[in-house]
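My numbering puts the first residue of the sequence shown at -15, with every later residue one more than the last.
Have a look at the structure below, then the notes.
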Amino acid sequence: MFRKVLVANRGEIAVRILRALRERRIPGVAVYSDADRASLAVQLADEAAFLGPSPSAESYLRIDKLIAAARAHGADAIHPGYGFLSENADFAAACAAAGITFIGPTAAAIRALGSKTAARQLALAAGAPVVPGTDAAVATFAEAKRIASRIGYPVMIKAAAGGGGKGMRVVDSEASLEAALRDASSEAERSFKSAEVYLEKALIHPRHVEIQLLGDNHGNLIHLGERECSLQRRHQKVIEESPSPLSALDPDLRHRMGEAALKIARAAGYSNAGTAEFLVDHDRNFYFLEMNTRLQVEHPVTELVTSLDLVHLQLDLAAGAPLSLRQQDIRWTGHAIECRLYAEDPANNFFPSPGVIERLELPSGPGVRLDSGVYEGWRVPLEYDPLLAKLAVWAPDRPAAIARLERALSETVILGIRNNIHFFRQLLADPAVLSGDLHTTFLNNFHYQDPPPPTGEALAAALAAYQPPSAPLPRPRRSAWRNS
Ligand code: MV4
-15 MFRKVLVANR GEIAVRILRA LRERRIPGVA VYSDADRASL AVQLADEAAF LGPSPSAESY
45 LRIDKLIAAA RAHGADAIHP GYGFLSENAD FAAACAAAGI TFIGPTAAAI RALGSKTAAR
105 QLALAAGAPV VPGTDAAVAT FAEAKRIASR IGYPVMIKAA AGGGGKGMRV VDSEASLEAA
165 LRDASSEAER SFKSAEVYLE KALIHPRHVE IQLLGDNHGN LIHLGERECS LQRRHQKVIE
225 ESPSPLSALD PDLRHRMGEA ALKIARAAGY SNAGTAEFLV DHDRNFYFLE MNTRLQVEHP
285 VTELVTSLDL VHLQLDLAAG APLSLRQQDI RWTGHAIECR LYAEDPANNF FPSPGVIERL
345 ELPSGPGVRL DSGVYEGWRV PLEYDPLLAK LAVWAPDRPA AIARLERALS ETVILGIRNN
405 IHFFRQLLAD PAVLSGDLHT TFLNNFHYQD PPPPTGEALA AALAAYQPPS APLPRPRRSA
465 WRNS
């Protein structure tokens, strides 16, 4: 096992990984930028390394500084978390070159899956279903026209180097194909420094279902079932759950998607944790979209239904241990749902709302799991994604899980910054969400309303209960989990 592990990330995921390291009695090194000097991760870590100024480009995205910090602290492995450099093949390669274990797949596997067209070809060759479309980037308008009329409109133009919706266009008819190709291609060039685009048949109101994978360095691969992530806003996931409500209708779906995901992972020589993303249509046909070569934000819902710890498993696998679990050992129990608590203003187009958390009451009780990266008095920096915490619940079935999540949200208080708690409370009351009839464009037509201000008795009670925050910052540094 590793001597010491550097966590090349920030926020709740850095805390999540440091917790696993502490449980393994492996010293953990946090990293921080100027804005994160007093972060929860820094407080909880055994050691901490300063990276530089707050902008990510000068701190969390600097491969050279991260490798130097790992060396200086004697870390023999780096966990990249999600986002930042987690899917950067050059970072994985730089770690390997420095004799540091990158806790994730090999640089070669990351590279092979990084191009969406290459990943499509790999899936096709492996016999997994992909959306009808082109096998490679389209070179000319004439070619695009031919392919589009073969697969039928509407078609979707996507960036080969993309992902996450950038450079994507839906085209309803040939008349708008040429302009859309030009737009998508120049957006792709600007965003990914590659103008390559390809075509797929556009699915109408698809669901987004993904399969969690685990592989060792000895060719063994298993899947841990699915997560449904159809509730998204502008390609940002809002709620994730496992199992997918579809599994209730079609118990065999998990098995078939799992097998498809495993074929793709085998073909890519995949190891460690990863996720195969699929679109699912109204007839429950599924199509491979892309592979995420990292631990995902929503991994807790899989952990809750499988009773496994993905970060512990990542550590074992990265250290070279053979998979300790066989596919037939995996059992799924109950239902888990997660929502992402953000410093953002749902009444103002979800605009980020950085600032000081004046008061923080987080929920607990049966079946509640909180992965938080913040504390009362913490200033949410404006430089990064304003995710505060993930609230995940487990219950025996989906209705009970939704009720539990509502209960937990009702216990949650975040003052000082705008946040999306009330948005979730409204969303969970929506009949479509309650019935599980979800799709990726659902939130385009969901209209949030701020709650009315409290009046009368409620206001009087709130005022009576209110205690102004007592000079909160900075909180005394915790000495490695012992409360000071
Ligand atoms: C699609 C699609 C419909 N048809 N592809 C969006 C992000 C990128 N990873 C793939 N995306 C989509 N690809 C075809 N052929 C609809 C989407 C899509 C979507 C996918 C997953 C989650 C949320 C989404 C929201 C809008 C569109």
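Ideal placement from N, C-alpha and C gives every residue a C-beta, glycine not left out.
Bear in mind the structure is a predicted one, so any value in this text is a computation, not a measurement.
Cβ-based neighbour list, Ala19, same chain, cut-off 6 Å, excluding 5 preceding and 5 following = On the sequence shown, position 35 is the one that residue 19 refers to. Once the five neighbours on either side are set aside, the close Cβ partners of Ala19 are Ser38, Pro365 and Glu367.
Could you tell me how far apart the beta carbons of Tyr432 and Ala331 are, in whole angstroms, since I believe they sit closer than 8 Å?
-> For the purposes of this step, residue 432 is taken as the residue at position 448 of the sequence shown. For the purposes of this step, residue 331 is taken as the residue at position 347 of the sequence shown. Confirmed, about 7 Å.
Tyr182 and Lys142 closer than 7 Å at C-beta | Position 198 of the sequence shown holds residue 182. Position 158 of the sequence shown holds residue 142. Yes, they are a contact pair.
Return the Cβ separation of Leu307 and Ala249 in integer angstroms, given the expectation that the two are a contact with Cβ distance under 8 Å.
-> Within the sequence shown, residue 307 is the residue found at index 323, counting from 1. Within the sequence shown, residue 249 is the residue found at index 265, counting from 1. Their Cβ separation, rounded to whole angstroms, is 13 Å, which puts Leu307 and Ala249 out of contact at 8 Å.
Would you kindly report the start and end of the unbroken beta strand (DSSP E) that includes Met275?
-> Start at 1 with the first residue of the sequence shown, and residue 275 comes out as number 291. Per DSSP, Met275 belongs to the beta strand (DSSP E) from Phe270 to Asn276.
Where Leu45 and Ala126 are concerned, what is the direct C-alpha to C-alpha distance, given to the nearest angstrom?
-> As a position in the sequence shown, residue 45 is number 61, starting the count at 1. As a position in the sequence shown, residue 126 is number 142, starting the count at 1. Roughly 40 Å separates the two Cα atoms.
At which residue ranges does the region 280 to 364 contain complete alpha helix (DSSP H) runs of 4 or more residues, listed in the order of the chain?
-> 283 to 290 and 294 to 302
Could you say which of Met(-15), Ser291 and Asp60 lies nearest to Ala(-8) if we only look at CA atoms?
-> For the purposes of this step, residue -8 is identified with residue 8 of the sequence shown, where counting begins at 1. Closest by alpha carbon: Asp60.
Report the three-state DSSP secondary structure of Ile131 (helix, strand or coil).
-> In the sequence shown, the residue the question calls residue 131 occupies position 147. Looking at Ile131 - three-state DSSP - the assignment turns out to be helix.
For Arg409, which residues of its own chain have a beta-carbon under 6 Å away from its beta-carbon, when the five flanking residues on both sides are left out?
-> As a working mapping, residue 409 is identified with position 425 in the sequence shown. Once the five neighbours on either side are set aside, the close Cβ partners of Arg409 are Leu393.
Using 10 angstroms around the beta-carbon of Lys247, count the other beta-carbons present and answer buried if the total reaches 16, otherwise exposed.
-> Position 263 of the sequence shown holds residue 247. Lys247 is buried by the Cβ-count criterion.
When the Cα of Pro89 is compared with those of Leu301, Glu243, Pro116 and Ala112, which residue comes out closest?
-> On the sequence shown, residue 89 is found 105 positions in, with the first residue counted as 1. Of Leu301, Glu243, Pro116 and Ala112, the residue nearest in Cα terms is Leu301.
Label Ile(-3) either buried or exposed according to how many other C-beta atoms from any shown protein chain fall within 10 Å of its C-beta, with 16 as the threshold for buried.
-> Against the sequence shown, residue -3 aligns to sequence position 13. Classification of Ile(-3): buried, given that the 10 Å Cβ count is 16 or more.
For Leu470, which residues does DSSP report across the bridge?
-> This structure leaves residue 470 out entirely; the chain is present only between -15 and 468.
Val(-1) - DSSP class collapsed to helix/strand/coil | By 1-based counting over the sequence shown, the position of residue -1 is 15. If DSSP states are grouped into helix, strand and coil, Val(-1) belongs with the helices.
Do you know whose CA, among Cys323, Ala93 and Met140, lies nearest Val115's CA?
-> The sequence position of residue 115 within the sequence shown is 131, counting from 1. Nearest option by C-alpha distance: Met140.
Looking only at its own chain, which residues have a Cβ that is under 8 Å from the Cβ of Lys177, when we skip the five neighbours before and after it?
-> Numbered from its first residue, the sequence shown carries residue 177 at position 193. Excluding positions up to five away in sequence, the list reads Ala145.
Does any residue of chain C bring its CB to less than 7 Å from the CB of Ala92?
-> Looking for chain C here will not work: only one protein chain is present.
When the Cα of His207 is compared with those of Arg191, Glu225, Gln312 and Ala112, which residue comes out closest?
-> As a working note, residue 207 is residue 223 in the sequence shown. Considering only alpha carbons, the answer is Gln312.
Leaving out five residues on either side along the sequence, give the residues of the same chain with a beta carbon under 7 Å from the beta carbon of Asp293.
-> As a position in the sequence shown, residue 293 is number 309, starting the count at 1. So the list reads Ala4 and Glu287, once near-sequence residues are dropped.
Where Val417 sits in the DSSP three-state scheme | As a working mapping, residue 417 is identified with position 433 in the sequence shown. Three-state DSSP puts Val417 in a helix.
Is the closest heavy atom of the ligand MV4 to the C-beta of Val281 under 6 Å?
-> Residue 281 sits at position 297 when you count from the first residue of the sequence shown. Not so, every heavy atom of the ligand MV4 lies at least 6 Å from the Cβ.
Starting from the Cα of Arg95, find the closest Cα among Ala252, Arg(-6), Gly(-5) and Gly149 and give me that residue.
-> What you label residue 95 is simply residue 111 of the sequence shown in a count that begins at 1. Nearest of Ala252, Arg(-6), Gly(-5) and Gly149 to Arg95, Cα basis: Ala252.
Take the Cβ of Pro436 as the centre, count every other Cβ of all protein chains shown within 10 Å, and call the residue buried at 16 or more, exposed below.
-> For the purposes of this step, residue 436 is identified with residue 452 of the sequence shown, where counting begins at 1. Exposed, by the Cβ-count rule.
Residues whose Cβ lies closer than 5 Å to any heavy atom of the ligand MV4, in chain order | Val115, Met140, Gly149, Glu184, Ala186, Leu187, His192, Gln216 and Thr424
Continuous alpha helix (DSSP H) stretch holding Glu441: start and end = Your numbering for residue 441 matches position 457 in the sequence shown. From DSSP, the alpha helix (DSSP H) with Glu441 extends over Gly440 to Ala449.
Given Glu184 as reference, the closest of Asn404, Leu422, Ala379 and Val122 once Cα atoms are compared | Taking the sequence shown and counting its residues from 1, one reaches residue 184 at position 200. That would be Val122, whose Cα lies nearest to the Cα of Glu184.
What first and last residue would you give for the alpha helix (DSSP H) that runs through Ser231?
-> On the sequence shown, residue 231 is found 247 positions in, with the first residue counted as 1. Element bounds for Ser231: Pro229 to Leu233.
With DSSP collapsed to three states, give me the class of Pro436.
-> For the purposes of this step, residue 436 is identified with residue 452 of the sequence shown, where counting begins at 1. Coil, per DSSP.
Can you say whether Glu212 is buried or exposed, counting buried as having 16 or more other CB atoms within 10 angstroms of its CB?
-> Residue 212 sits at position 228 when you count from the first residue of the sequence shown. Per the 10 Å Cβ criterion, buried.
Tell me whether Thr424 sits in a helix, a strand or coil according to DSSP, three-state version.
-> Looking up residue 424 in the sequence shown gives position 440. Thr424: coil per DSSP, three-state reduction.
Straight-line CA distance for Gly339 to Arg363?
-> Sequence index remark: in the sequence shown, residue 339 carries index 355 (1-based). Sequence index remark: in the sequence shown, residue 363 carries index 379 (1-based). If I take the Cα positions, the gap works out to 5 Å.
In angstroms, rounded to a whole number, what distance separates the CA positions of Glu210 and Gly420?
-> For the purposes of this step, residue 210 is identified with residue 226 of the sequence shown, where counting begins at 1. For the purposes of this step, residue 420 is identified with residue 436 of the sequence shown, where counting begins at 1. The straight-line gap from Cα to Cα measures roughly 15 Å.
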